[in-house]
Amino acid sequence: MKKVINQADNVVREMLEGFEEAHADYVRSLEGTTVLLRKDAPVTGKVSLISGGGSGHEPAHAGYVGEGMLDAAVAGEMFTSPTPDQVFEAIKAANGGEGVFLVIKNYTGDVMNFEMARELAEAEGISVEQVVVNDDVAVEDSSFTNGRRGIAGTVFVHKAAGAKAAEGASLEDVKKVAEKVVANTRSMGVALTPCIVPGSGKPSFTLEEDEMEVGIGIHGEPGIERKKITSADDIAEELLQKVLQDSVDFQGSEVAVMVNGLGATPASELYIVNRYVQKRLRDNDIQVTHTYVGEYMTSLEMAGFSITLMKVDEELKQLLDARADTPAFRK
Amino acid sequence: MKKVINQADNVVREMLEGFEEAHADYVRSLEGTTVLLRKDAPVTGKVSLISGGGSGHEPAHAGYVGEGMLDAAVAGEMFTSPTPDQVFEAIKAANGGEGVFLVIKNYTGDVMNFEMARELAEAEGISVEQVVVNDDVAVEDSSFTNGRRGIAGTVFVHKAAGAKAAEGASLEDVKKVAEKVVANTRSMGVALTPCIVPGSGKPSFTLEEDEMEVGIGIHGEPGIERKKITSADDIAEELLQKVLQDSVDFQGSEVAVMVNGLGATPASELYIVNRYVQKRLRDNDIQVTHTYVGEYMTSLEMAGFSITLMKVDEELKQLLDARADTPAFRK
Amino acid sequence: MEMKTEQAVAWIEKANALIQSNKEYLTELDQAIGDGDHGLNMSRGFQEAEAKVSGTDYDTVADVFKDVATVLMSKIGGASGPLYGTAFLKMSMTVKDKDPVTEANLADAVEAALNGMKQRGKAEQGEKTMIDVWHPVADFLKNGQNVQADKLEETAERAMNETKDIVATKGRAAYLQERSKGHVDPGSTSSFYLFQALADVWKKGE
Amino acid sequence: MEMKTEQAVAWIEKANALIQSNKEYLTELDQAIGDGDHGLNMSRGFQEAEAKVSGTDYDTVADVFKDVATVLMSKIGGASGPLYGTAFLKMSMTVKDKDPVTEANLADAVEAALNGMKQRGKAEQGEKTMIDVWHPVADFLKNGQNVQADKLEETAERAMNETKDIVATKGRAAYLQERSKGHVDPGSTSSFYLFQALADVWKKGE
Ligand SMILES: Nc1ncnc2c1ncn2[C@@H]1O[C@H](COP(=O)(O)OP(=O)(O)O)[C@@H](O)[C@H]1O
Ligand SMILES: Nc1ncnc2c1ncn2[C@@H]1O[C@H](COP(=O)(O)OP(=O)(O)O)[C@@H](O)[C@H]1O
Ligand SMILES: [Mg+2]
Ligand SMILES: [Mg+2]
Ligand SMILES: [Mg+2]
Ligand SMILES: [Mg+2]
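Chains as they are written, first to last, in the numbering used here: chain A, 10 to 340; chain B, 10 to 340; chain C, -7 to 198; chain D, -7 to 198.
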């Protein structure tokens, strides 16, 4: 395991300390917790947004704390949802009186922990609403299972719902926007290498030199299918097809695109993927209004990437264009 | 070789196309070249800044094209300096009448190619000045050799000299600022894994599971010393010592810090390094005024990082604070 | 068996010992069909739970369980944290004012825990989760008169092993669909350790 | 030998053939003490140079060299691009109006090339760069009366091999300091191929 760390047990704490020192003009930590708050939290007169989840997805989620996006991010251990008490502390500290909105990625752990925090907060009279993001099309949706995973599309929720909250919208309206994003966003990823959780020290799976895992999540779980690596264009095409053939009808519409690096894949390769994605969408009469290429939602040092499409209307376009000023996302 | 590419020969071209499509609000390509220009180039009334070098260092250098930084970036093949004709085209296209300033990293190839371009431009009556960045303290400086390498500190030159140019400063004054940055900036890096140039398909060197290369450059060259991997704090200390004991006297002064990821190292680890760096500098009475943690100057998919310190005065602080709006650096 | 605070504390100590020595194994199981943190999560949580209950004087078993619930809830995280937290919270509520805790009380407590977990996690039996261990154990305790500790352990162990053939429909393993078959569920394994520890304490108290 | 445009073109064709078949080897050499692109750079440059000169009708050797210079300068990049570009540009200037190019002219041309490269790259002999091959070859050509092709090749080959023991003070290998010892310099190796190709053409013309 080649990692630049001290003790595995201290990785999350030390990372948060280093993050706070790097971005002290944006965030401050909440003493005794793994919560990073907007420096000026609680911001009164607006709904507060909170997201979080296991660590290992940096810059998510603390990187999105700031004007126009999140009011607080709650970090769990590596790939492990934070506990209800931490989320509850974040809710109390971020609440500016207009209610708190939770952005939860759809994992059993995240949903349970955040919902328990919500119950604690509601018991104290704080209005809390939530959205559960499930953009990953890798696994068929089914009412018998816990449904689909939330992956890179979550960043679009932070951006759009965050901008809506910044406008002074009500908790109900922020929720509506978040739900609109979720309803219109689809993603799919691929991994070329596994990643290693510091505490375990072992790769999450093994791949041959010429293999890739298609339909990968962001926690080092194995994907849906193991295949031979093909060309950038072919891989992009395979992911795009899954995304386009899912339940959102992107045909003839406007979309925002995100090509998200999972960790070790160089920016040059993400741009090569983006080149294909843009061409393919153009050829199919889908108009790209916003493009984001970079590392937005990672999986430690995994090599690979995901493609996200969000169908946008006037409101979503305007929310994407709205000002955002956070360590990892500025507009 | 696990890469998301099509043909190795097309990597640079396709990457540039994908880059342009992702950042069309910032840049436009110069037909038939590997040059990316500010969208509104040539900008009149200001000195134009041009940087460039081999590809594989993304977001350098095209990521820094935009307001307050570069007017153009010239991309060579992977780890190979661009040729004089390409740089010459960039100079002609970016020149807004106030002269052109070249930011060159100190490699024999880069220096020769850029200087030949400069000669071509001067023959056509364009005023050209340049700075050669050599911030890497890994190798002792010596007048018998080609001197030290230019690495992540180059980004501070883009930022400060770019801001100076944006103020409307003369070519001479832009050069003075660039030289001040170079005189006050020192860096040192370490690699945990090698990288693979797409065209060669083989790792640049091999390291055991428990080894690292200290004093690494950004081209997959072997470093200065091969060692057992130690803790994040110990590695950071080793790099910092080399930087602090070099010819710039940082003691008691103000500094800007950059913890730069080389490619595959997750942001979480960079923040752990930053935590130590901040503590160590604080303990040594060096005051950090600006901190940058992230991937600014990479070496394809290499795991590792570098630490850069720049001693700052009022002018440099103000230039770092000045507005910048580019794909990879915003202020 | 009758459970007093000593036995309750001993249960947690024994459970922790089993979890610590199987930490890597739990993580391996979770790497196969999950995200590879179950061993780390359980180890972190039970380490703290044991430290808490070993260092505290208790009046009632309910108080022991309440502290365990609080620690697990705030230290494990992930899916298993809220579930084990809920389990001990429900057990604590069920044995409130019962001193000593009889076998019948314990049977009620485990059933309450099961129901709480089902509600929290929205999983039923047969979905390849820890519910698949808690369910037969709850049934076993409820139906048995003078239950034997060995049988308790056997029931849990068999149930754990049976998760191997199930295709997961809840938890992370569900993303693997058919590929989740052939692996024992990590959470069922940690639940087995919990009941193995209970059986152990039980035997000593018999 | 006297060099006409045919020989000049044949030189580039032969040099290209040698470079293409040793592309991987050049890259390996550059991986050991450089950045691993020398094979790629030379292959790209000479491929284009050969394509250019093979497909063009020339009046003079100087024109052949001029085209080679332009292509190498705009296609190789890195350190070797400007150096080889400069070399052919200086050779072109030196043999301007010489038709055919005599051995003496060629000796002058190689010396001019060497001086141009030294000026451009600021390296002297003994710094573990391609200069270490060009220098002895220039000397050999200047001093010899009726030079033999075999000897030319030998001189270049020996010079190339001798770079192995040198500690680099110029080019990327200089960053390795002592660790640069024990490896043949990649640029010296590609320069050897160039002179090997020249010797080959020379032999055929003798
Ligand atoms: N909905 C659920 N109901 C009951 N148990 C569940 C549920 N989802 C997951 N589990 C259990 O949790 C275990 C995984 O726990 P853990 O690895 O600690 O959390 P995570 O899945 O969040 O990483 C699974 O093996 C399974 O037994
Ligand atoms: N200053 C110099 N003078 C002469 N030759 C040099 C100089 N610097 C480097 N070289 C030659 O260039 C070769 C490397 O070329 P190449 O790998 O194509 O360029 P780069 O070093 O830019 O990657 C070296 O092996 C050496 O022979
Ligand atoms: Mg987990
Ligand atoms: Mg090179
Ligand atoms: Mg898990
Ligand atoms: Mg090279």
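Note that the Cβ used here is the ideal one computed from N, Cα and C, for glycine as well. Nothing here was measured: the structure is a model prediction, and the numbers come from that model.
Would the C-beta of residue i count as close to ligand 4, meaning under 6 Å from any of its heavy atoms?
| i | result |
| --- | --- |
| G70 of chain D | yes |
| F88 of chain B | yes |
Quick one: is the Cβ of residue i within less than 6 Å of any heavy atom of ligand 1?
| i | result |
| --- | --- |
| T53 of chain A | no |
| M122 of chain C | yes |
| T117 of chain A | yes |
| D177 of chain C | yes |
Ligand 5 heavy atoms versus the CB of residue i: any closer than 6 Å?
| i | result |
| --- | --- |
| G75 of chain B | no |
| D22 of chain C | yes |
Tell me where the alpha helix (DSSP H) around residue i begins and ends.
| i | result |
| --- | --- |
| V282 of chain A | 276 to 292 |
| L21 of chain D | 15 to 25 |
| L106 of chain D | 95 to 113 |
| Q95 of chain B | 93 to 103 |
| I123 of chain D | 123 to 135 |
| G303 of chain B | No alpha helix (DSSP H) contains G303 of chain B, which is instead part of the beta strand (DSSP E) from 296 to 303. |
| A200 of chain A | No alpha helix (DSSP H) contains A200 of chain A, which is instead part of the beta strand (DSSP E) from 194 to 200. |
| A166 of chain A | Contrary to the premise, residue 166 of chain A reads as Val rather than Ala in this sequence. From DSSP, the alpha helix (DSSP H) with V166 of chain A extends over 163 to 175. |
Count the other CB atoms within 10 Å of the CB of residue i; is the residue buried (16 or more) or exposed (fewer)?
| i | result |
| --- | --- |
| G61 of chain A | buried |
| R164 of chain C | buried |
| F153 of chain A | exposed |
| S151 of chain B | exposed |
| E119 of chain D | buried |
| A43 of chain C | exposed |
| T215 of chain A | exposed |
| S13 of chain D | exposed |
| G134 of chain B | exposed |
| Q23 of chain D | buried |
Flag residue i as yes when its Cβ comes closer than 6 Å to any non-hydrogen atom of ligand 6, and as no otherwise.
| i | result |
| --- | --- |
| G26 of chain D | yes |
| D334 of chain B | no |
| D89 of chain D | no |
Do residue i and residue j have their C-beta atoms closer together than 7 Å?
| i | j | result |
| --- | --- | --- |
| L75 of chain C | G113 of chain C | yes |
| G27 of chain B | N283 of chain A | yes |
| R235 of chain A | E218 of chain A | no |
| L133 of chain D | V102 of chain D | yes |
| A312 of chain B | T274 of chain B | yes |
| V142 of chain B | V252 of chain B | no |
| V302 of chain B | L329 of chain B | no |
| A7 of chain D | V193 of chain D | no |
Residue i: beta carbon under 6 Å from a heavy atom of ligand 3?
| i | result |
| --- | --- |
| D29 of chain C | yes |
Need the endpoints of the beta strand (DSSP E) that residue i sits in, please.
| i | result |
| --- | --- |
| I113 of chain B | 109 to 114 |
| K236 of chain A | 234 to 237 |
| M318 of chain B | Checking the displayed sequence, the identity of residue 318 of chain B turns out to be Leu instead of Met. Taken as a continuous stretch (DSSP letters only), the beta strand (DSSP E) holding L318 of chain B covers 313 to 320. |
| I244 of chain B | First-last for I244 of chain B: 241 to 253, but that is the alpha helix (DSSP H), not the beta strand (DSSP E). |
| V148 of chain B | Per DSSP, V148 of chain B belongs to no beta strand (DSSP E) and is neither H nor E. |
| L46 of chain A | 44 to 47 |
| M3 of chain A | Missing from the structure shown is residue 3 of chain A; chain A here goes from 10 to 340 and no further. |
Using the beta-carbon of each residue, which ones in chain F are nearer than 9 Å to residue i?
| i | result |
| --- | --- |
| P91 of chain B | Structure shown: chain F not included; protein chains present are A, B, C and D. |
(request) Residues of the region 215 to 231 of chain A with a CB closer than 7 Å to any CB of chain C: list them in chain order, please. (result) Close to chain C, meaning a Cβ-Cβ distance shorter than 7 Å, are the following residues of the region 215 to 231 of chain A: G226, H228, G229, E230, P231.
(request) Scan the region 49 to 63 of chain C for residues whose Cβ lies nearer than 8 Å to a Cβ of chain A and list them as they occur along the chain. (result) Answer set for the region 49 to 63 of chain C: empty.
(message) To be precise: take each residue of the region 163 to 193 of chain C, compare its Cβ to all Cβ atoms of chain A, and keep it if any distance is under 8 Å. Which residues remain?
(response) Going along the region 163 to 193 of chain C in chain order, one finds G163, R164, A166, Y167, L168, Q169, R171 with a Cβ nearer than 8 Å to chain A.
(request) May I ask you to list, following chain order, the residues of the region 198 to 214 of chain B that have a beta carbon less than 8 Å from some beta carbon of chain A? (result) Those would be L201, T202, in chain order.
(request) Note down, in chain order, all residues in the region 61 to 89 of chain B with a beta-carbon under 8 Å from any beta-carbon belonging to chain D. (result) Along the region 61 to 89 of chain B, going in chain order, the ones with a CB nearer than 8 Å to a CB of chain D are G63, G85, E86, M87, F88, T89.
(request) Residues of the region 122 to 155 of chain B with a CB closer than 9 Å to any CB of chain D: list them in chain order, please. (result) Along the region 122 to 155 of chain B, going in chain order, the ones with a CB nearer than 9 Å to a CB of chain D are N122, E124, M125, D145, A147, V148, E149, S151, F153, T154, N155.
(request) Give the residues from the region 67 to 82 of chain D that approach chain B closer than 9 Å (Cβ to any Cβ), ordered along the chain. (result) Of all residues in the region 67 to 82 of chain D, K67, I68, G69, G70, A71, S72, G73, P74, L75, G77, T78 have a Cβ within less than 9 Å of some Cβ in chain B.
(message) Closer than 9 Å between beta carbons: that is the criterion. Which residues of the region 242 to 259 of chain B meet it against chain D?
(response) Residues of the region 242 to 259 of chain B with a Cβ closer than 9 Å to any Cβ of chain D: none.
(message) Against chain B, which members of the region 27 to 59 of chain A pass a CB distance test of less than 7 Å?
(response) Of all residues in the region 27 to 59 of chain A, only G27, F28, E30, A31 place a beta-carbon less than 7 Å from a beta-carbon of chain B.
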